[in-house]
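The structure appears right after this line, and notes come after that.
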Amino acid sequence: MPTVSDLIQLGSRNDRPKRPEPADLQLKFSDKAVAQLDSLRGHYPEEKACVLPGLWIAQREYDGTLSPEAIAEVAHRLNRSFAEVEGVATFYSMYNTGHAPGKHVIEVCTCLSCHMCGAYRVADSLKEKLGIEFGETTEDGLFTLHEVECLNACDRAPLIQVGDEYIGPVTEADVDKLLTDLKSRPERSSVQISDEIVKVHLQADEA
Amino acid sequence: MAEHKLLLKHADDKAYATLQGYQAKGGYEGLKKAMAMSREEVIGEVKTSGLRGRGGAGFPTWIKWSGIPKEKTDMHVLICNADEGEPGTFKDKQLMEDTPFLVVEGMTIAAHACQADVGYIYIRGEFVDAARSLRKAIDEAYAANLLGKNIQGSGLDFDLHIHMGAGAYECGEESALMSSLMGERGMPRLKFPHAPFPTVSGIWEKPTIINNVESYAAAVPILQDGGEAYAKLGASTQRSTGTKLFSVSGHVNKPGNYEIEFGTSLMELLDLAGGIKGGKLKACVPGGSSVPIINADSCEKAIIGYEEMGDVGSMVGSGAAMFLNEHSCIVSFIWRTAQFYAHESCGKCTPCREGTKWMLKILERIMKGGGEAGDMELLMQITEQIDGRSFCGLGDAAAWPVAAALKVFPEEFEYFIKNGRSMVDSEEARALAPKWAQAVSV
Ligand SMILES: Cc1cc2nc3c(=O)[nH]c(=O)nc-3n(C[C@H](O)[C@H](O)[C@H](O)COP(=O)(O)O)c2cc1C
Ligand code: SF4
Ligand code: FES
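Sequence lines, in order, name chains A and B. Position one of the first sequence corresponds to residue 1 (this note's numbering), numbered consecutively onward. Position one of the second sequence corresponds to residue 1001 (this note's numbering), numbered consecutively onward.
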């Protein structure tokens, strides 16, 4: 397993950052993922534009987390340096770069309309039932709780998102049932949404 | 005035999201007419219509479109800004989900007018439902030769792709969106006069048009029924024509999207949304979180129009009215607004990166009961240092709501700072505050 410092290749001052090479990597993309990335290349005049969709593919292939290895594989496949792709990945809140999220990621909107319609009551109830704060994962690895900004479906405030699904309006009274329902879901929410997002990029004959 | 539906007319009809259902309701008539015209004539029609950009700034669409070089020497790119992230707004979401062909047809009309070869719909990552609906529409349009090579034998080649964002409000800013679409961090780029207009050199240094979802959709009725018919709507206003979608949320009985003719009053919009819920009307943020908040008196006077809204000190913005009832604590509302901007600031320029955090810190201190004398002046000073001194519009947008609230509701801030708790003291108000602030609010 390469270390992060291997991946960022601290070289001489005149070296342009290079893409990570397979010797440092264990490439994990499935054939399907490689084919999808190839189709995406045809959508843009520059390969670099595939970085965001490439990261979505990687987030799916690497079980919902953009680990340094996952980022390195995207960098390798798109001929970018590790540092560049890492810089992009860490900018966006929907890429899980910091830590591996729990199986079910619950994102509570506490932004303006949701706040005014009682989002903090829902959030507090979730925190209490799960015994965690925003940004934390339960010990059993089942749930991660996040506070998010407006999900832009404020007509359904207070709103929460799990995977690609918007659920709302929710009240404190719905919390128990919600958690039970989520437990029965087989898929990891971060993998599920990444896969759906990859799919909408692809035309009927590409998927 | 009732609703006036041009775009949402068939939004309840599930079949309208399919090509067959769309064409049964007159879909693609607009494109047909556009194809029979020269590109200048299409832009002329949009000029006659008076259409102004629906993404927030209200820039005349025809001026943007005519900025594209007449002589085509390079690839032209069309971008649809579907990054809808302005708190309170959910109109683009509905247009994409329920009327995806309006977006696709509108973009194809624009492609003809701007000689575009390829289009990208940049959708925020969370909007998977909207993206799925558009995906289906695009696939159907390709299969029917309404996209792709030589569309309907017209000689127009136009490819349309979906590109998903990954969670960053700043990517709604057009130059940041282009950075993001090129595979970079979503940070804005230099603008005119320090750089050429995007219509001359935009994404990948190619002539680029970027418009909001609703702006493209509006091109369909404009081409279908003529710019003149569109311009007749909104005649009572100074310079706003046609219809506008408004997302209504907050303390109303029937939150949702309402399509109204410009010139409708804000109170009529509130009535359409079933009126205020849970108490008397106290305030409204009429155009998304970035625009100044107004009190109930101003709500009574407000007419929806780009210039008219200015008369009450606010803006049409992205078209998102959040109504607040009497149990709403303005300090709490503004504190949460400040948190949004502090979180979404991209960090490129100092006034916004630091200023948004300072504002949040001070408001948090007030919310915790530790407000200090002079905090209001300090907040006002910070807003002045951000406004007009930031690299992109996000900084200004972060400053305006705070400055406006300090001016319109100074007594609430004074009270909170002096007494360490909210002036709005009711069961309802207390229940809305986050726990850490509740401790002092009771
Ligand atoms: C911080 C910021 C966020 C923005 N977000 C959006 C957005 O989500 N959707 C949008 O259409 N325009 C947004 N805009 C406005 C765009 O920069 C741009 O003006 C608009 O897409 C132009 O399209 P229009 O002329 O059709 O309105 C935003 C601007 C700023 C400064
Ligand atoms: S104002 Fe500056 S820091 Fe704020 S979002 Fe724009 S460029 Fe980034
Ligand atoms: S404020 Fe929660 S969805 Fe808009």
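Think of the CB as a built atom: it goes at the ideal place given N, C-alpha and C, for glycine as much as any other residue. Quantities reported herein were computed from a predicted structural model and do not represent experimental measurements.
Along chain A, which residues have their Cβ under 8 Å away from the Cβ of residue i?
| i | result |
| --- | --- |
| Lys1435/B | Tyr120 and Asp124 |
| Lys1093/B | Asn152 and Ala153 |
| Met1075/B | Pro45 |
Output needed for residue i: all residues of its chain with C-beta closer than 8 Å, excluding positions within five of it in sequence on either side, in chain order.
| i | result |
| --- | --- |
| Val1442/B | Residue confidence for Val1442/B is low, a pLDDT of 44 falling below 50, so the modelled location carries little weight; the figure read from the coordinates is stated next. Contacts found: Arg1421 and Arg1430. |
| Pro169/A | Cys117, Arg156, Ala157, Pro158 and Leu159 |
| Ala1024/B | Ala1015 |
Ordered along the chain, which non-local residues of its own chain (more than five positions away) have a Cβ less than 6 Å from that of residue i?
| i | result |
| --- | --- |
| Arg1052/B | Gly1058 and Pro1060 |
| Thr1356/B | Tyr1341, Ala1342, Ser1345 and Ala1398 |
| Ser1240/B | Gly1234, Phe1262, Gly1305 and Tyr1306 |
| Asp195/A | Arg60 |
| Cys1392/B | Glu1173 and Pro1188 |
| Cys1349/B | Ser1390 and Phe1391 |
In chain order, what residues of the same chain have a beta carbon less than 7 Å from the beta carbon of residue i, not counting five sequence neighbours either side?
| i | result |
| --- | --- |
| His1076/B | Ile1068, Cys1114, Gln1115, Ala1116, Asp1117, Lys1206 and Pro1207 |
| Ser1249/B | Gly1088, Pro1255 and Met1322 |
| Phe134/A | Leu145, His146 and Glu147 |
With distances taken between CB atoms, is the gap from residue i to residue j smaller than 8 Å?
| i | j | result |
| --- | --- | --- |
| Asp164/A | Gln192/A | yes |
| Leu1181/B | His1163/B | yes |
| Ala1283/B | Ile1276/B | no |
| Thr1108/B | Leu1147/B | yes |
| Leu1177/B | Asn1081/B | yes |
| Val1213/B | Leu1095/B | yes |
| Ala1217/B | Val200/A | no |
| Ser1175/B | Lys1191/B | yes |
| Thr138/A | Pro101/A | no |
| Cys154/A | Ser113/A | yes |
| Thr1199/B | Lys1064/B | yes |
| Ser1247/B | Ala1320/B | yes |
| Gln161/A | Leu145/A | no |
| Gly1125/B | Gly1167/B | yes |
| Ala1110/B | Leu1078/B | yes |
| Gly1274/B | His1327/B | no |
| Pro17/A | Ala83/A | yes |
| Leu27/A | Glu73/A | yes |
| His104/A | Leu66/A | no |
| Met1380/B | Leu1406/B | yes |
| Gln36/A | Val175/A | no |
| Pro1449/B | Ser1289/B | The structure shown does not extend to residue 1449/B, since chain B spans only 1001 to 1442, so no value can be given for it. |
Any chance the CB of residue i is under 7 Å from a heavy atom of ligand 1?
| i | result |
| --- | --- |
| Leu1125/B | For the record, residue 1125/B in the displayed sequence is Gly; it is not Leu. Checking every heavy atom of ligand 1 against the Cβ of Gly1125/B, none is found closer than 7 Å. |
| Asp1387/B | no |
| Glu1170/B | yes |
| Cys1392/B | yes |
| Thr1108/B | no |
| Gly1319/B | no |
| Thr1061/B | yes |
| Ile1121/B | no |
Can residue i be considered in contact with ligand 3, in the sense that its beta carbon sits closer than 7 Å to one or more heavy atoms?
| i | result |
| --- | --- |
| Asn152/A | yes |
| Pro1255/B | no |
| Ala157/A | yes |
| Cys109/A | yes |
| Ser189/A | no |
| Pro1445/B | This structure cannot settle anything about residue 1445/B, because the visible part of chain B is limited to 1001 through 1442. |
| Cys114/A | yes |
Using a C-beta to C-beta distance shorter than 7 Å, which residues of chain B count as neighbours of residue i?
| i | result |
| --- | --- |
| Gln161/A | Glu1126 |
| Ala49/A | Leu1181, Met1182 and Gly1183 |
| Ala100/A | None at all; the shortest Cβ gap to chain B is about 17 Å. |
Starting from the beta carbon of residue i, find every residue of chain A whose beta carbon is closer than 7 Å, and list them in chain order.
| i | result |
| --- | --- |
| His1161/B | His43 |
| Ala1131/B | Val200 |
What in chain B is Cβ-close to residue i, meaning under 9 Å?
| i | result |
| --- | --- |
| Tyr92/A | Gly1125, Gly1165, Ala1166, Gly1167, Ala1168, Cys1171, Ser1180, Arg1185 and Gly1186 |
Along chain A, in chain order, which residues have C-beta atoms closer than 9 Å to that of residue i?
| i | result |
| --- | --- |
| Gly1088/B | Cys111, Leu112, Ser113, Cys150, Asn152 and Cys154 |
| Tyr1142/B | Gln203, Ala204 and Asp205 |
| Ala1398/B | What Ala1398/B touches in chain A: nothing, since even the nearest Cβ is about 13 Å away. |
Is any heavy atom in ligand 2 found nearer than 7 Å to the beta carbon of residue i?
| i | result |
| --- | --- |
| Ser1179/B | no |
Any residues in the segment 1203–1220 of chain B with a beta carbon nearer than 7 Å to a beta carbon of chain A? Which ones, in chain order?
-> So the close ones are Trp1204.
Using a Cβ cut-off of 9 Å, which residues of the segment 1181–1192 of chain B contact any Cβ in chain A, in chain order?
-> Listed in sequence order: Leu1181, Met1182, Gly1183, Glu1184, Arg1185, Gly1186 and Met1187.
Under 7 Å (Cβ pairs) to chain A, residues found in the segment 1336–1359 of chain B | Those would be Arg1336, Thr1337, Phe1340, His1343 and Glu1344, in chain order.
Name, going along the chain, the residues of the segment 183–206 of chain A whose beta-carbon falls closer than 7 Å to a beta-carbon of chain B.
-> Taking 7 Å as the Cβ-Cβ cut-off against chain B, the residues of the segment 183–206 of chain A that qualify are Ile193, Glu196, Ile197, Val200, His201, Gln203 and Ala204.
Return the residues of the segment 1233–1263 of chain B that lie within a Cβ-Cβ distance of less than 8 Å from chain A, sorted by chain order.
-> Answer set for the segment 1233–1263 of chain B: Ser1247, Val1248, Ser1249, Gly1250, His1251, Pro1255, Gly1256 and Asn1257.
If you measure beta-carbon to beta-carbon, which residues of the segment 1306–1333 of chain B are closer than 8 Å to chain A?
-> Per Cβ criterion, the list reads Ala1320, Met1322, Leu1324, Ser1328, Ser1332 and Phe1333.
Going along the chain, which residues of the segment 1015–1033 of chain B sit with their C-beta nearer than 8 Å to a C-beta in chain A?
-> Cβ contacts with chain A come from no residue of the segment 1015–1033 of chain B.
Mind listing which residues of the segment 66–92 of chain A have their C-beta closer than 7 Å to chain B's C-betas, in chain order?
-> Flagged, chain order: Gly87, Val88, Phe91 and Tyr92.
Compile a chain-ordered list of the residues in the segment 1061–1085 of chain B whose CB is closer than 8 Å to at least one CB of chain A.
-> Listed by position, the residues of the segment 1061–1085 of chain B near chain A (Cβ gap below 8 Å) are Met1075, Glu1084 and Gly1085.
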